[in-house]
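Encoded as structure tokens, the structure appears first; notes follow it.
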Amino acid sequence: MELNMHKLLLITAWALMAMPTYANEPAINTVSVSHTAIEGIGEETGVMRRDPSDIIQVDGVYYVWYSKGKISPGYDATVWYATSEDGHKWTEKGIALAKGEPGSWEGASVFTPNILVAEDRYWLFYTGTSREFGKGFNPDSKIGIAVSDSPDGPWDRLETNPALKNSDDPADFDSHLVDDACLLTREGKYWFYYKGRQLGKGPGQTQMGLAIADKPQGPYVRNEGNPVIPGNHEVLVWPQGKGVAAMIGTTGPKEITNSVLYAEDGVHFSKTHNVKNGPWAGGVYRPEAFTQSGNGELPKWGVEIGRAKGKLPFIKRFDVTE
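Oh and the sequence shown: position 23 is 316 in our numbering, straight run, nothing missing.
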């Protein structure tokens, strides 16, 4: 009996030593997000504002672009913009981009804008659709670019638009549509993250891709390893140190939802943080987005889509703490 007990103790000790230890591995921290109302582009009866861009600062003034219309979805919208000195009180400045010519790829709606600052100019990326919103609606969105010498416009659409369209290969993750551009300058090139959906898939199966160009106007070439993130319905990325980080919302595989992912190479992402009360379709202030400084860090604040029962979407602010 004593011999058997001795053997059992030895086997147990050996098994414990053989088990992997995680004591020296970094813990998964939590990012907490708080949400507050803002003035100027907040809740307004009969007005829809949604899909805010990332925020830039020019001569001490913050700029944001967004979709504006009269229905809840962004599929009957134009692109507007607003400015602020403190990120809380905003002044709506007017329309930045109207719908395209009737019947064109952007004739029914232009929405979900984002901004790139490069070569001393401003490049407004936006989504367009040719189909009118209504019963049986099925979006056919593509992404275009307009350029200006000033963040206040006027904006000139590129003749090469659309800059990114859905893939012609039905097997690709973005063969149905592309949407939601988010831009970084990295390694001397322009990195264009976006979301896509495959033919036959639903919104809950949206994934994130990447395309890269040598010039801000393109041509943008898809990354061969797309999709780079197997989920996420909003595209929110920023430079973080040497790499790229992304905040993931509620759409996608369970192991990555409500999290921050990081990729030193900008392509192969892994989880670094959990996110509590994350933003909905947020855009953030990313002062290092186009600098290639290597000093990028977790954004501290941004704006997002606000929701209230019985109300059209509006813009609100969120703040981030780690």
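Beta carbons: idealized from backbone N, C-alpha and C, even for Gly.
Please return the same chain residues whose Cβ sits closer than 7 Å to the Cβ of E590, not counting the five positions on each side in sequence.
Cβ contact annotation for E590 (same chain, cutoff 7 Å, sequence separation greater than five): Q533, in chain order.
Helix, strand or coil for G571? Go by DSSP, reduced to three states.
coil
Please say whether Y356 and T376 have beta carbons closer to each other than 7 Å?
yes
Closer than 7 Å, CB to CB, is I334 near chain B or not?
This model lacks chain B altogether, as it is built from one protein chain only.
Write down every uninterrupted run of the alpha helix (DSSP H) in the region 552 to 600 whose length is 4 residues or greater and which is fully enclosed by it, in chain order.
Qualifying alpha helix (DSSP H) stretches: none in this window.
By the 10 Å Cβ neighbour count, where 16 or more other Cβ atoms means buried, how is F583 classified, buried or exposed?
buried
Residues in the same chain with beta-carbon distance under 7 Å from G466, minus the five sequence neighbours each way, listed in chain order, please.
It should be pointed out that residue 466 corresponds to Phe in this sequence rather than to Gly. Contacts found: G489, Q491, Q500, G502, N519, P520.
Distance, Cα to Cα, D399 vs F430?
Before going further, note that residue 399 is Glu rather than Asp in the sequence given. Roughly 15 Å between the two C-alpha positions.
Run through the DSSP bridge pairs and tell me what A411 is partnered with.
Paired residue(s): R414.
The ligand GDP and G387: does any heavy atom of the ligand fall closer than 6 Å to the residue's C-beta?
The ligand GDP is absent from the structure shown, which contains no ligands of any kind.
Given this structure, state the Cα-to-Cα distance separating A506 from A456, to the nearest angstrom.
11 Å
From P523 to F485, what distance separates their C-alpha atoms?
Their Cα atoms are separated by approximately 16 Å.
How about Y419 and V403: are their beta carbons less than 7 Å apart?
Taking a C-beta distance under 7 Å as the contact criterion, Y419 and V403 qualify as a contact pair.
Can you name, in chain order, every residue of its own chain whose Cβ lies under 7 Å from the Cβ of M676, other than the five neighbours on each side?
In this structure the chain extends from 294 to 615, so residue 676 is not present and cannot be described.
Using 10 angstroms around the beta-carbon of A391, count the other beta-carbons present and answer buried if the total reaches 16, otherwise exposed.
exposed
Just to confirm, are G536 and E517 a CB contact at a threshold of 7 Å?
no
Rounded to a whole number of angstroms, what is the C-alpha to C-alpha distance between I331 and H381?
Each residue's Cα considered, the two are about 5 Å apart.
So which of A389, D445, L409, E548 has the shortest CA-CA distance to G511?
L409
Considering only residues of the same chain and omitting the five flanking positions on each side of R424, which have a CB-CB separation below 6 Å?
A401, D433
Roughly how many angstroms lie between the CA atoms of G396 and D379, to the nearest whole one?
41 Å
Can you look up G497 in the DSSP assignment and give me helix, strand or coil?
helix
Within its chain, find whatever has a CB closer than 8 Å to the CB of V354; leave out the 5 residues flanking it on each side and keep chain order.
T376, S377, E378
Assuming E337 contacts F562 under a Cβ cut-off of 8 Å, what Cβ separation, rounded to an integer in Å, is found between them?
At roughly 37 Å, the Cβ-Cβ gap does not stay under 8 Å, so E337 and F562 are not in contact.
Please identify the residue among T543, V372, V514, T478 whose C-alpha is closest to the C-alpha of H526.
T543
Please give the ranges of any beta strand (DSSP E) in the region 429 to 454, keeping only runs that are unbroken, at least 3 residues long and fully inside the region.
435 to 441
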